[in-house]
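Engineer: Right, I'll just put the structure down here and ask away after.
2 protein chains.
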Amino acid sequence: MKGSNDKRIDGTLRDLKIRPTKVRKDVLGLFSRVEFALSHADIERHIKQKFDRVTIYRTLEMFEKSGLIHKVIDDTGVTKYASHGYGGCDVHFRHHKTNHLHFKCTECGNIYCMCSVEVPKIDFPIDFELKILKLSAEGICKKCLSKGNKTT
Amino acid sequence: MKGSNDKRIDGTLRDLKIRPTKVRKDVLGLFSRVEFALSHADIERHIKQKFDRVTIYRTLEMFEKSGLIHKVIDDTGVTKYASHGYGGCDVHFRHHKTNHLHFKCTECGNIYCMCSVEVPKIDFPIDFELKILKLSAEGICKKCLSKGNKTT
DNA sequence: TTGATCCTGCAACACAGTTGCAAAACTATT
DNA sequence: AATAGTTTTGCAACTGTGTTGCAGGATCAA
């Protein structure tokens with residue numbers, strides 16, 4: 830049901846003391862409908878209404894500060910934003926593992942957050958102090974596999 | 830000895846059928862003196878002579894195609910270029926593991942290639958086809974550790 | 001020396017991202 | 001409902017990164 834999702838978006842924002850304005854509902858609504866990370870340009874293209882570029886940037890900044898989304902830098906340097914749930918991480922907004930793997934599909938180019946993958950321990954040179962190990966991966970996503978039936 | 834290094838730079842370029850022009854020798858010379866990845870702006874700042882921005886971009890493009898350097902995208906989205914040896918990978922130009930870990934020092938911001946670290950096998954959801962697993966890390970580099978004597 | 005090829009610098013452009021400011025929208029209070 | 005105060009938005013302008021086309025210069029091979 831469309832109405833109930835709108836309500837949920839509204840509630841999510843209110844809970845975080847974010848005024849549920851049009852842009853914010855539109856952008857968060859888009860994130861809720863999509864399982865992968867979105868660039869600023871993607872968002873501009875896919876939301877219903879036209880908003881100023883700056884307004885969208887500020888919306889994303891605000892969502893990031895509130896922990897609704899996080900930045901993902903593509904292997905080509907493109908900045909994308911991934912929502913913390915509804916799809917990517919199979920959990921609700923604001924629940925996700927902080928350090929998780931980002932998977933980029935080489936067919937569709939989409940980036941998925943994969944919180945289920947464990948970050949392994951690795952051997953590391955002793956003269957460097959390792960703090961965080963970050964994983965990213967390339968391959969073919971679920972959707973493209975079922976569509977194209979690629980087996981390589 | 831400075832002269833002998835200049836000769837080596839010259840030879841490296843000639844071997845690859847790259848005309849050893851001023852920019853090219855300057856830029857490759859810089860890479861040979863440095864152990865970490867450099868951004869376009871870094872290079873512009875640190876080479877002796879002033880060259881046009883575009884010329885430097887084209888030089889980097891050429892070096893990349895010839896396999897002398899490779900692009901590294903910083904976690905903040907900044908594009909850097911790492912030479913395939915002389916420092917970063919402990920091997921000579923053009924010899925390096927294609928898929929290696931990039932280490933970013935949180936103190937100095939420099940990025941190091943660490944070819945000695947093995948890429949582990951991981952458990953991955955069966956409905957996604959994993960092709961390449963990429964590792965990147967954050968921590969404190971050798972130099973900053975010895976300088977600051979940080980122990981966390 | 002001549003032509004062909006390669007390299008460089010310049011102008012111009014596209015795109016991402018940021019900042020300051022003023023108008024508009026909203027909130028709370030009376 | 002009118003007011004004052006705070007937030008939010010849109011606009012203009014600007015910075016930084018990266019790209020393209022073109023013309024002049026340097027280099028190479030004959």
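In the order they appear, the protein sequences are chains S and Z. Note that my numbering numbers the first sequence so that position 103 is 932, with each residue one more than the last. Note that my numbering numbers the second sequence so that position 94 is 923, with each residue one more than the last. Idealized CB from N, CA, C, for every residue including glycine.
In three-state terms, what does DSSP make of Z:Phe953?
Structural biologist: Within the second sequence, numbered from 1, the residue matching residue 953 of chain Z stands at position 124. Here Z:Phe953 sits in coil by DSSP.
Engineer: Go ahead and pull the three-state DSSP assignment for Z:Glu958.
Structural biologist: The sequence position of residue 958 of chain Z within the second sequence is 129, counting from 1. If DSSP states are grouped into helix, strand and coil, Z:Glu958 belongs with the strands.
Engineer: Tell me the DSSP secondary structure of Z:Cys934 in three-state form.
Structural biologist: To locate residue 934 of chain Z, count along the second sequence from 1; it is residue 105. The answer is strand: DSSP assigns Z:Cys934 an E or B state.
Engineer: Leaving out five residues before and five after Z:Gly858 in sequence, what residues of the same chain have Cβ atoms less than 6 Å from its Cβ?
Structural biologist: Sequence index remark: in the second sequence, residue 858 of chain Z carries index 29 (1-based). If we look at Z:Gly858 and ignore the five residues flanking it on each side, its Cβ neighbours are Ile838.
Engineer: Just checking: is the beta-carbon of S:Asp835 within a distance shorter than 8 Å of some beta-carbon in chain Z?
Structural biologist: In the first sequence, the residue the question calls residue 835 of chain S occupies position 6. Output row for S:Asp835: interface = no.
Engineer: Can you pull the chain S neighbours of Z:Cys970, defined as C-beta to C-beta under 7 Å?
Structural biologist: As a first step, residue 970 of chain Z is located in the second sequence; it is residue number 141 there, counting from the start. Phe957, listed in chain order.
Engineer: Any C-beta of chain S sitting closer than 8 Å to the C-beta of Z:Ser945?
Structural biologist: Stepping through the second sequence from its first residue, residue 945 of chain Z is reached at position 116. Taking Cβ atoms only, chain S reaches closer than 8 Å to Z:Ser945, which makes this a yes.
Engineer: With distance defined between alpha-carbon atoms, name the residue in S:Cys937, S:Thr908, S:Val948, S:Lys933 nearest to S:Glu890.
Structural biologist: Numbered from 1 along the first sequence, position 61 holds the residue referred to as residue 890 of chain S. Taking only the C-alpha atoms, the option nearest S:Glu890 is S:Thr908.
Engineer: Under 8 Å, with one C-beta from each stretch per pair, do the stretch 930-948 of chain S and the stretch 966-974 of chain S reach the 3-pair mark?
Structural biologist: Touching, yes, given that three or more Cβ pairs across the two stretches are closer than 8 Å.
Engineer: Just the Cα atoms here: how many angstroms apart are S:Val948 and S:His931?
Structural biologist: Position 119 of the first sequence, counting from 1, holds the residue named residue 948 of chain S. Position 102 of the first sequence, counting from 1, holds the residue named residue 931 of chain S. Looking at the two C-alpha atoms, the distance is approximately 12 Å.
Engineer: Identify whether S:Ser861 lies in helix, strand or coil by the three-state DSSP scheme.
Structural biologist: Position 32 of the first sequence, counted from the first residue, corresponds to residue 861 of chain S. Correct three-state label for S:Ser861: helix.
Engineer: Of the residues S:His929, S:Lys851, S:Lys950, which one's Cα is nearest the Cα of S:Cys944?
Structural biologist: As a position in the first sequence, residue 944 of chain S is number 115, starting the count at 1. Considering only alpha carbons, the answer is S:His929.
Engineer: Tell me whether S:Glu893 is buried or exposed, calling it buried when 16 or more other Cβ atoms sit within 10 Å of its Cβ.
Structural biologist: For the purposes of this step, residue 893 of chain S is taken as residue 64 along the first sequence, with counting starting at 1. Classification for S:Glu893: exposed.
Engineer: For a minimum of 4 consecutive residues, which ranges assigned as the alpha helix (DSSP H) are wholly contained in the stretch 872-907 of chain Z?
Structural biologist: Whole alpha helix (DSSP H) segments, 4+ residues: 882-894.
Engineer: Helix, strand or coil, according to DSSP, for S:Ser945 in the structure here?
Structural biologist: Counted from its first residue, the first sequence places residue 945 of chain S at position 116. In the structure shown, S:Ser945 sits in coil (DSSP, three-state: anything other than H, G, I, E or B).
Engineer: In the structure shown, what three-state DSSP assignment does S:Ile847 receive?
Structural biologist: Taking the first sequence and counting its residues from 1, one reaches residue 847 of chain S at position 18. DSSP places S:Ile847 in coil when its eight states are reduced to three.
Engineer: Anything in chain Z within Cβ reach of S:Gly906, meaning under 7 Å, just list it in chain order.
Structural biologist: Your numbering for residue 906 of chain S matches position 77 in the first sequence. Within 7 Å Cβ-Cβ: Ile902, Gly906, Thr908.
Engineer: Whose Cβ in chain S lies nearer than 8 Å to the Cβ of Z:Ile961?
Structural biologist: Here residue 961 of chain Z refers to the residue found at position 132 of the second sequence. Per Cβ cutoff of 8 Å: Ala966, Glu967, Gly968.
Engineer: Near Z:Lys854, what residues of its chain come up, given a Cβ to Cβ distance below 8 Å and the 5 sequence neighbours on each side ignored?
Structural biologist: As a working mapping, residue 854 of chain Z is identified with position 25 in the second sequence. Excluding positions up to five away in sequence, the list reads Asp835, Ile838, Asp839, Leu842.
Engineer: What residues in its chain sit with their C-beta under 7 Å from that of S:Phe953, if we drop five residues either side in the sequence?
Structural biologist: Locating residue 953 of chain S in the first sequence gives position 124, where the first residue counts as 1. So the qualifying residues of the chain are Leu959.
Engineer: With DSSP as the reference, please indicate the residues paired to S:Gly977 in a beta bridge.
Structural biologist: To locate residue 977 of chain S, count along the first sequence from 1; it is residue 148. In the DSSP output, where bridge partners are listed per residue, S:Gly977 has none listed.
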